[in-house]
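Below is one structure, written out as structure tokens; comments come after it.
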Amino acid sequence: MKIATFNINGINRRLDSLLEWLREAEPDVVCLQELKATGSQLPRAALEKAGYGAVWRGQPAWNGVAILARDTEPVLTRADLPNAPDAQARYIEAAVNGILIASLYAPNGNPQPGPKFDYKLAWLNRLNVHAAELLSAGVPVVLAGDYNVVPEPHDIYSTRSYDDNALVQPQSREAYRRLLGQGWVDAIRKFYPNETVYTFWDYRRNRWQRNAGLRLDHLLLSSALAHRLVGAGVDRQVRGHQSASDHAPVWIELTD
DNA sequence: ATGTCGGAACTTTTCCGA
Numbered sequence: 340m341k342i343a344t345f346n347i348n349g350i351n352r353r354l355d356s357l358l359e360w361l362r363e364a365e366p367d368v369v370c371l372q373e374l375k376a377t378g379s380q381l382p383r384a385a386l387e388k389a390g391y392g393a394v395w396r397g398q399p400a401w402n403g404v405a406i407l408a409r410d411t412e413p414v415l416t417r418a419d420l421p422n423a424p425d426a427q428a429r430y431i432e433a434a435v436n437g438i439l440i441a442s443l444y445a446p447n448g449n450p451q452p453g454p455k456f457d458y459k460l461a462w463l464n465r466l467n468v469h470a471a472e473l474l475s476a477g478v479p480v481v482l483a484g485d486y487n488v489v490p491e492p493h494d495i496y497s498t499r500s501y502d503d504n505a506l507v508q509p510q511s512r513e514a515y516r517r518l519l520g521q522g523w524v525d526a527i528r529k530f531y532p533n534e535t536v537y538t539f540w541d542y543r544r545n546r547w548q549r550n551a552g553l554r555l556d557h558l559l560l561s562s563a564l565a566h567r568l569v570g571a572g573v574d575r576q577v578r579g580h581q582s583a584s585d586h587a588p589v590w591i592e593l594t595d
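Written out as structure tokens, the structure is:
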């Protein structure tokens, strides 16, 4: 079973690229972020024609998350984190073929310090609380998405220009580390313990051409799933498409 | 400060967010 996450940065702007990648990569499950579309703007017919059922939570212009599943309809379990309604569409969760899948888009948090950074840390804290509940339920879960956290120094190219950025702040990293401390497994880091892996390249200053990247998109596996990991990768060629997103799709393969 | 995108606004550029 192949599960991917992709911050698409505008699903309608990127539809041709998405459909091409779906045909080539044939993922069973796709977690999308930054749809930048309302539900009615979602290209349901094109996705259906490509063979994918979908659940989503959209909003005008910003954010927006979806879960696609090949040859089946995801069964929606929730469209927000528990206990405090979020005006921003950043979390959706559904069951697909016996696995609980979450597509999440954590707040960017810039500039920091400030209210946006406070919102980011509060959001990651809410995610931590929910993640602990999912783990204690003992079901197989994949928490996939754009965490907007660079976990470790080697998850970003050599630079000082991000020193003040919310993506690398100790508080952001600590929130991510707390998730791993619960027992979640960072699938890319488990499969590539020492390699440099990037999933995002800013549009500015030729950062794609220079491979000046960051690892922001993560798939966390519940302990019950970790031993089923048999493959993982980043489809970097998608970042080179015409009118590409600034992120590339990240995928894992699980045994049945 | 800057770089470059996407989307919306009663707009044919300017802004916000990333």
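340 is the number of the first residue of the first sequence in this note's numbering; add one for each residue after it.
Heads up, the beta-carbon is just placed ideally off N, CA and C, and yes, glycines get one too.
All figures in this text were calculated on a predicted structure; none of them were measured in a lab.
Three or more Cβ pairs closer than 8 Å define a contact, and the stretch 586–593 falls short of that threshold against the stretch 510–521. The three-state reading of DSSP puts His-580 in coil, since its state is none of H, G, I, E or B. Bridge partners of Glu-592 according to DSSP: Lys-341, Gly-570. The residue among Asp-367, Ala-343, Arg-546, Leu-381 with its C-alpha nearest the C-alpha of Ser-497 is Arg-546. Collapsing the DSSP output to three states places Ser-442 in a strand. Per DSSP, Val-368 is one residue of the beta strand (DSSP E) stretching across 368–372. In the DSSP annotation of this structure, the continuous segment of the alpha helix (DSSP H) that includes His-469 starts and ends at 454–476. The alpha-carbon separation between Ala-433 and Asn-449 amounts to approximately 29 Å.
Counting along the chain, no beta strand (DSSP E) covers Leu-358; the unbroken alpha helix (DSSP H) around it starts and ends at 354–364. Beta-bridge partners of Arg-396 (DSSP): Val-404. At a Cβ-Cβ threshold of 9 Å, Cys-370 and Ile-342 count as neighbours. By DSSP's assignment, Tyr-391 forms a beta bridge with Arg-409. One Cα belongs to Asp-525, the other to Pro-421, and the distance between them is close to 23 Å.
The C-beta distance from Val-488 to Arg-512 rounds to 6 Å, short enough to fall under 8 Å.
Assigned with DSSP and collapsed to three states, Gly-484 falls in strand. At the C-beta level, Ala-445 and Val-480 stay beyond 9 Å of one another. For Leu-560, the enclosing beta strand (DSSP E) covers residues 556–560.
When DSSP states are grouped into helix, strand and coil, Asp-419 belongs to the coil group. For Val-507, the three-state secondary structure derived from DSSP is helix. Taken atom to atom, the span from the alpha-carbon of Trp-360 to that of Gln-427 is near 27 Å.
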